[in-house]
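In the numbering used here, the protein residues as written are 308 to 683. Below is one structure; the comments refer to it alone.
Here it is as structure tokens:
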């Protein structure tokens with residue numbers, strides 16, 4: 308087994324992006340797009356920052372997860388790695404589908420007048436009948452876990468092969484990314500998927516019929532493993548590229564906005580927009596990696612605490628948001644008071660549950676993906 312040096316910038320990015328997820332899900336309560344429950348006033352302008360965030364927030368998580376897989380496999384054989392993935396992803400998924408997600412579906416059924424009884428009546432009668440949205444069984448925001456589990460088990464043997472032949476493949480990747488803008492060659496497979504597959508498959512998060520989202524996310528997960536295998540070369544590249552990638556990211560997103568507002572869809576527009584979209588996604592991923600490598604690669608207690616808390620926060624947060632949103636949805640307050648309460652309430656209640664229940668009761672910790680804390 309090889310020894311790896313921990314990248315604290317990756318830990319920071321993981322914490323930051325998952326924190327942004329809370330802001331994003333709060334925003335979903337107020338924008339025109341469909342969501343589980345909606346505010347009584349919709350703010351159309353809010354879709355623009357949401358669109359910006361939406362394009363790269365999940366892609367970078369899949370890249371980071373691929374990088375984490377590289378580190379995990381450096382300390383385990385394939386069997387150990389596969390079992391560890393099943394425990395850390397499968398157990399929280401099942402637990403979440405039984406205990407965390409049902410309150411969300413219950414609130415949605417109440418808001419849409421599809422159920423009128425107490426939560427106990429709902430949980431003991433229809434909570435586990437039929438698959439959502441027709442029925443009620445769902446993994447909702449936890450969809451990331453089954454995808455990550457399938458990706459890990461599917462690509463595990465390939466990753467072991469690449470690890471055992473590291474020099475050959477990492478040297479090839481180093482040559483590609485070492486050239487000016489060479490790292491942008493990784494956009495090409497993403498572009499082909501965006502241009503040729505995306506038009507035929509809606510994003511469902513249902514795993515079995517979600518072919519565009521599945522394949523696109525799988526490629527990003529694979530990229531994470533490949534790029535981190537180059538060691539310091541990748542970090543030097545993104546640190547040098549960060550300002551150029553920032554300009555490309557701003558330019559490609561503004562071009563997309565122009566297309567959305569002023570142009571009608573057609574073949575030329577579709578293939579152009581697809582290129583702009585994947586260029587935008589990849590650029591912001593490079594921007595975040597580059598600035599994190601420059602400024603965030605250092606150890607601290609807040610990072611240690613937040614990095615351990617982020618998985619339970621992810622599991623808990625949307626249920627807290629939806630319960631609070633249900634209480635606020637019909638009030639005649641403005642955007643700022645409601646959004647502030649939802650953000651503060653989601654972070655606050657998630658922290659209370661994490662700090663005073665999950666951390667204090669070791670029996671709960673495997674259900675929230677926590678490993679035993681190492682003795683310092």
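Where is the CB? At the ideal position from N, CA and C, for every residue including glycine.
Once DSSP output is grouped into helix, strand and coil, what is the label at residue i?
| i | result |
| --- | --- |
| residue 504 | coil |
| residue 433 | coil |
| residue 682 | Low per-residue confidence applies at residue 682: pLDDT is 45, beneath 50, and the placement is therefore not dependable enough to give any value. |
| residue 537 | coil |
| residue 668 | coil |
| residue 571 | coil |
| residue 554 | helix |
| residue 394 | helix |
| residue 579 | helix |
| residue 511 | coil |
| residue 262 | The first residue shown for the chain is 308 and the last is 683, placing residue 262 beyond what the model contains. |
| residue 368 | helix |
| residue 348 | coil |
| residue 497 | helix |
| residue 603 | coil |
| residue 312 | coil |
| residue 384 | coil |
| residue 409 | helix |
| residue 421 | coil |
| residue 542 | helix |
| residue 332 | helix |
| residue 341 | coil |
| residue 320 | helix |
| residue 402 | helix |
| residue 561 | helix |
| residue 488 | coil |
| residue 608 | helix |
| residue 677 | coil |
In the DSSP output, which residue or residues are listed as bridge partners for residue i?
| i | result |
| --- | --- |
| residue 438 | 444 |
Write down the C-beta distance between residue i and residue j rounded to the nearest angstrom, noting that I regard them as a contact closer than 8 Å.
| i | j | result |
| --- | --- | --- |
| residue 333 | residue 628 | 6 Å |
| residue 536 | residue 473 | 6 Å |
| residue 594 | residue 556 | 6 Å |
| residue 493 | residue 589 | 7 Å |
| residue 664 | residue 671 | 7 Å |
| residue 469 | residue 476 | 5 Å |
| residue 329 | residue 512 | Not confirmed; about 18 Å, so no contact. |
| residue 617 | residue 325 | 5 Å |
| residue 360 | residue 331 | 6 Å |
| residue 463 | residue 389 | 6 Å |
| residue 614 | residue 412 | Not quite, the Cβ-Cβ distance comes to about 30 Å (not below 8 Å), so this is no contact. |
| residue 677 | residue 653 | So it is not a contact: roughly 20 Å between Cβ atoms. |
| residue 337 | residue 642 | 6 Å |
I'd like to know if residue i contacts chain B, where contact means its C-beta is closer than 8 Å to some C-beta of that chain.
| i | result |
| --- | --- |
| residue 585 | Considering every chain present, this structure includes no chain B. It has just one protein chain. |
The segment 456-467 contacting the segment 395-415, beta-carbon criterion three pairs below 8 Å: yes
Cβ contact check for the segment 632-647 and the segment 343-357: 3 or more pairs under 8 Å: yes
Inter-stretch contact at 8 Å, needing at least 3 Cβ pairs: the segment 427-447 / the segment 402-410: yes
Minimum length 4: unbroken alpha helix (DSSP H) runs contained in the segment 452-486: 473-485
Alpha helix (DSSP H) segments (min. 4 residues) lying fully within the segment 620-675: 642-660
Three CB pairs or more closer than 8 Å across the segment 540-557 and the segment 595-607: yes
Any 3 or more C-beta pairs closer than 8 Å across the segment 518-535 and the segment 568-579: no
Contact the segment 347-360 vs the segment 487-504: 3+ CB pairs below 8 Å: no
Cβ contact check for the segment 649-667 and the segment 479-491: 3 or more pairs under 8 Å: no
contact_flag[the segment 366-380, the segment 512-528] where n(CB pairs < 8 Å) is 3 or more: yes
Cβ contact check for the segment 600-612 and the segment 315-333: 3 or more pairs under 8 Å: yes
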